[in-house]
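Visitor: These protein sequence lines map, in sequence, to chains A and B. For the first sequence, my numbering assigns the number 1 to the initial residue and increments by one for each residue that follows. For the second sequence, my numbering assigns the number 1001 to the initial residue and increments by one for each residue that follows. Ideal Cβ positions, reconstructed from N, Cα and C, are used throughout, including at glycine. I have a structure I would like to understand better, so I am pasting it below and will then ask my questions one at a time.
Protein chains: 2
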Amino acid sequence: MNSFRFDDAIEGIRMSPIVSISEEAKHKEPEFFNRTGKKMVLFQRGEIDFPTPKYIVDAAMMALELGKTKYPKSGGEDELKDAVIKKLSYFNRAEGFSRDNVVCTYGGQEGLELLFKLFQCKKGAGFAPCWSCVLENFVPYAQTDFAEVPLREDFTIDFDELERIIRDSSFFYLNTPQNPTGKLFTEDEVIRIAELCHKHGVFLISDEAYETITFDGHRHFSPLSLKFDNIISVFTLSKTYSMTGWRVGYAVSRNKRIIELLRLGNYTQTAGVTTFVQYAAKEALSNHAESDRHIKLMNEEFCRRRDSLYEGLSSIPGIKVNMPSGAFYLFPDFGDLIPQKLSLNDRKLYIYHRLLDNGVVSVYGACFGKFFNDHIRLSYSATPHDVIEEGINRIKNAVQ
Amino acid sequence: MNSFRFDDAIEGIRMSPIVSISEEAKHKEPEFFNRTGKKMVLFQRGEIDFPTPKYIVDAAMMALELGKTKYPKSGGEDELKDAVIKKLSYFNRAEGFSRDNVVCTYGGQEGLELLFKLFQCKKGAGFAPCWSCVLENFVPYAQTDFAEVPLREDFTIDFDELERIIRDSSFFYLNTPQNPTGKLFTEDEVIRIAELCHKHGVFLISDEAYETITFDGHRHFSPLSLKFDNIISVFTLSKTYSMTGWRVGYAVSRNKRIIELLRLGNYTQTAGVTTFVQYAAKEALSNHAESDRHIKLMNEEFCRRRDSLYEGLSSIPGIKVNMPSGAFYLFPDFGDLIPQKLSLNDRKLYIYHRLLDNGVVSVYGACFGKFFNDHIRLSYSATPHDVIEEGINRIKNAVQ
């Protein structure tokens, strides 16, 4: 039965290159350790090295003790939805929502997957570089005809090119703050993108996974605060509350028809999100005193890491790096350090391999679309300060 | 933007009729209470009125305390997979599996949904009556061309008809013990079905959600104990361990290619199953002393309920009812009590409405396919003994 051809959508899903990279690193680790007596420096991970705050864990335990272990309400528990609506007002300055505008999902992942699926086989677009999971998972799974709109070298937007592509699309995918660049799109940029979508009757899928991780006094601007009904925002508790393994998030839109379809899709796929986890999520969103303190603490640490990594990279001749205002990634350009004569395929992996040989694990730019082959993504979400310094020294050695 | 036509697969999903029925009952409740001073008797639910056993809740809390809150391993935690492999040997007498044969899913629901999706737009088949979620959710979501093979009046199999349909299908869906009949397919029946599938190169999707809920000394036989690689069994902890709201289950096959595709699908849809829930599931499957005691206690209670419901229904002239050996449903035939002159559509709802007017909530047979319109599903999963007696009296009044 091994020759049977299953559904193209599932057959087309690719393994995340980041998983392969982590496996390659694991294979290389013993040889590197024997040679240097040191561990690898891991800059490839999306995991966070903070624990889930205790008040959220306690809320989960309380819900378990109260027997919140029966089937969840389809679309999400009312108490969680009410907490989401208050949070949208409190944090996103987005008003005018009722329970019918909200659906609870397994992280941001399920919200995005279902949205891409809503546009099965249609044309979509998003900025390049683009989160690898969109390209490797959602696009093949929903058989999207996906166009990449490249950001400029300084990660600003070419609005003419954007409009040219949006005009032809059913939806546009925006991720702000962005993986892999750490770019926080400004309020002005978000409004112009949303207006372009509105003008051309295009849906805007807004992935706001990193909304609370912003630096230097900058604040995330959610398109959801605009009064358009073509916008669907996808949120997750994974990053904000160090809850990556809890798998809980929510999608919100003024368009109730879309929320209803997401609810049906969520029910069909999973019969709803784990009941007591929803009560923990409710506590995370509602307990402002605790969550503001947690977010502040985490952001201060992330900001310190960003600063050292940015300064370190800037000090290495030949590396061009933009200062990000959000998320926990840097996406430097190593183009000047790659030999000119290499083939495109060798070029894509050249810096990645140089770094790996020197004990630094990174993700090569080709994982994020077709326009940024000379770049490397470095994540500092789980890399303490001293390890970052060691990493910088190794990068220096690797490229000199 | 409200005229936009989204993906047919999601647009085609129907609301579970059982949800509408529960809502209709809720609307009727005040009027019924005013008239009679009594509550409705609820026979429509799939929920279980046992709490999750304490040793499983404790395992979840322990996992939370140990910080098992990071991203799950794609496909499932090794410790859970190892527990599944041991359980397959201990309970299902199915041997020869390794971690690559197992994938962890959000309940049985996600396993089944992904399997239907694997056969997107292809021909599938299953026995009628058939679990409503297959017909209302999985079939439209995967755009399956689904054929129903009716069981006989006594719920035995017409193997000639079965072979005629299987020959033409890509997969066959088997649910044993079965929702809505409570039929436990015998070892001989399961083997003959599996052999027919094997003979015609057809995949067998085996839904074993109720595997531990069996009565009168009968045991569930899993096709997974056969050595065919065309069989995929889907399990959930929902019913066995009163864990409906936890959303955890697993799929197993000797065919590693299918398990790999399920893993990719699960990752794409949800990024994997909540990490600490997997550790609770591991404890549920591994702690035989506790789980055997829990299952015995639950089955004794279910058996008592089945007996009263069966005896009560049998005592009412005009109702034909088969004695089920598993799950927690009865599916009596009210055909002789329905006026002959009714149109098909009125016929479908006649008994359901008679019962509802008399304060009994049930699910009408048309929810389970096209062949059993005169039947009614009564679930006793959340209906205590004294309420069942009250229900029987009301049914008696309703049809006399």
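Does the beta carbon of Asp1243(B) sit closer than 8 angstroms to a beta carbon anywhere in chain A?
Guide: In the sequence on display, residue 1243(B) carries Met and not Asp. So yes, Met1243(B) belongs to the interface.
Visitor: Put Ala366(A) into one of helix, strand or coil per three-state DSSP.
Guide: Looking at Ala366(A) - three-state DSSP - the assignment turns out to be helix.
Visitor: What's the C-alpha gap between Ala437(A) and Gly1245(B)?
Guide: Given a span of 1 to 400 for chain A in the structure shown, any question on residue 437(A) remains unanswerable.
Visitor: Residues of chain A with CB closer than 7 angstroms to the CB of Val1057(B), please, in chain order.
Guide: Neighbours of Val1057(B) on chain A, chain order: Leu64.
Visitor: How would you call Thr176(A), buried or exposed, if buried means at least 16 neighbouring beta carbons within 10 angstroms?
Guide: Counting Cβ neighbours within 10 Å, Thr176(A) comes out buried, since at least 16 surround it.
Visitor: Just to confirm the assignment, what range does the beta strand (DSSP E) spanning Arg1377(B) have?
Guide: From DSSP, the beta strand (DSSP E) with Arg1377(B) extends over 1376–1379.
Visitor: Can you tell me whether DSSP reads Asp1216(B) as helix, strand or coil?
Guide: Residue state, collapsed to three classes: coil.
Visitor: Quick check: is the beta carbon of Ala1060(B) nearer than 8 angstroms to any beta carbon in chain A?
Guide: Yes, contact with chain A.
Visitor: Kindly indicate if chain B contains any beta-carbon less than 8 angstroms away from that of Pro384(A).
Guide: Not one chain B Cβ lies under 8 angstroms of Pro384(A).
Visitor: So which residues on chain A does Asp1168(B) lean against when the C-beta distance must stay under 7 angstroms?
Guide: Residues of chain A passing the Cβ test: none, with the nearest at roughly 16 angstroms.
Visitor: Are Leu1378(B) and Phe1043(B) close, meaning C-beta to C-beta below 8 angstroms?
Guide: Taking 8 angstroms as the Cβ cut-off, Leu1378(B) and Phe1043(B) qualify as a contacting pair.
Visitor: Excluding sequence positions up to five away, which residues of its chain have a Cβ less than 7 angstroms from the Cβ of Ser74(A)?
Guide: Same-chain partners within the cutoff: Arg263, Tyr267, Gly272.
Visitor: What ranges does the beta strand (DSSP E) occupy inside the stretch 1147–1203 of chain B, keeping only unbroken runs of at least 3 residues that lie completely in it?
Guide: Here the runs fully enclosed are 1171–1175.
Visitor: Should Leu174(A) and Ser222(A) be called a contact, given that it needs their Cβ atoms to be closer than 8 angstroms?
Guide: Contact: no.
Visitor: In whole angstroms, what separates the C-alpha of Lys348(A) from that of Arg257(A)?
Guide: Roughly 43 angstroms between the two C-alpha positions.
Visitor: Closer than 7 angstroms by beta-carbon distance: list the chain A residues that pair up with Tyr1071(B), in chain order.
Guide: Glu47, Thr244, Gly245, listed in chain order.
Visitor: If you run the structure through DSSP and keep just helix, strand and coil, what is Ser22(A)?
Guide: Looking at Ser22(A) - three-state DSSP - the assignment turns out to be helix.
Visitor: Work out the CA separation of Lys26(A) and Glu79(A) for me, nearest whole Å.
Guide: Between Glu79(A) and Lys26(A), the C-alpha separation is close to 43 angstroms.
Visitor: At a CB distance below 8 angstroms, what residues from the stretch 1259–1285 of chain B approach chain A? Give them in sequence order.
Guide: Per Cβ criterion, the list reads Leu1261, Leu1264, Gly1265, Tyr1267, Thr1268, Gln1269, Thr1270, Ala1271, Gly1272, Val1273, Thr1274, Thr1275, Phe1276, Val1277.
Visitor: Enumerate, from N- to C-terminal direction, the unbroken alpha helix (DSSP H) stretches of 4 or more residues contained entirely within the stretch 1293–1367 of chain B.
Guide: Listed in chain order, the complete alpha helix (DSSP H) runs (minimum 4 residues) inside the stretch 1293–1367 of chain B are 1344–1357.
Visitor: What are the boundary residues of the beta strand (DSSP E) that Phe1127(B) is part of?
Guide: Per DSSP, Phe1127(B) belongs to the beta strand (DSSP E) from 1123–1128.
Visitor: Buried or exposed, going by whether 16 or more other CB atoms sit within 10 Å of the CB of Cys197(A)?
Guide: Buried, by the Cβ-count rule.
Visitor: Do the CB positions of Pro1053(B) and His1288(B) come within less than 8 angstroms of each other?
Guide: No, the pair does not count as a contact, with Cβ atoms beyond the cut-off.
Visitor: At least one CB of chain B closer than 8 angstroms to the CB of Thr52(A): is that the case?
Guide: Yes, contact with chain B.
Visitor: Is Thr371(A) helix, strand or coil when you go by DSSP?
Guide: Residue identity check: residue 371(A) is Phe in the sequence provided, not Thr. DSSP places Phe371(A) in coil when its eight states are reduced to three.
Visitor: Determine whether the beta carbon atoms of Asn92(A) and Ala327(A) lie at a separation below 8 angstroms.
Guide: Taking 8 angstroms as the Cβ cut-off, Asn92(A) and Ala327(A) do not qualify as a contacting pair.
Visitor: Using C-beta distances below 7 angstroms, list every residue in its chain close to Asn101(A), excluding the 5 sequence neighbours before and after it, in chain order.
Guide: The residues are Val252, Ser253, Arg254, Lys256, Ile259.
Visitor: What is the rounded straight-line gap between the Cα of Cys1104(B) and the Cα of Glu11(A)?
Guide: Rounded to the nearest angstrom, the two C-alpha atoms are 19 angstroms apart.
Visitor: Quick one: using the 10 Å Cβ neighbour count with 16 as the cut-off for buried, is Ser20(A) buried or exposed?
Guide: Under this definition Ser20(A) is an exposed residue.
Visitor: Of all the beta strand (DSSP E) runs that stay within the bounds of the stretch 209–264 of chain A, which reach a length of 3 or more residues?
Guide: As far as the stretch 209–264 of chain A is concerned, its whole beta strand (DSSP E) runs of at least 3 residues are 231–236, 249–253.
Visitor: Excluding five sequence neighbours on each side, which residues of the same chain lie with their C-beta closer than 6 angstroms to the C-beta of Ser1238(B)?
Guide: Only Gly1107, Thr1244 meet the Cβ criterion.
Visitor: Hey, quick one: how far does the alpha helix (DSSP H) through Glu1144(B) stretch, first residue to last?
Guide: Just to set this straight, residue 1144(B) is Thr in the shown sequence, not Glu. Segment: none, Thr1144(B) is in no alpha helix (DSSP H) and carries neither H nor E.
Visitor: Name the chain B residues that come within less than 8 angstroms of Ala9(A), Cβ to Cβ?
Guide: In chain order: Lys1117, Gln1120.
Visitor: At the level of alpha carbons, what is the spacing between Ile1231(B) and Gln1109(B)?
Guide: So the alpha carbons of these two residues sit roughly 17 angstroms apart.
Visitor: Could you have a look at Asp386(A) and say whether DSSP puts it in helix, strand or coil?
Guide: Here Asp386(A) sits in helix by DSSP.
Visitor: Should Arg164(A) go down as buried or exposed, given a rule of 16 or more other Cβ atoms within 10 Å for buried?
Guide: By the neighbour-count rule (16 or more Cβ atoms within 10 Å), Arg164(A) is not buried but exposed.
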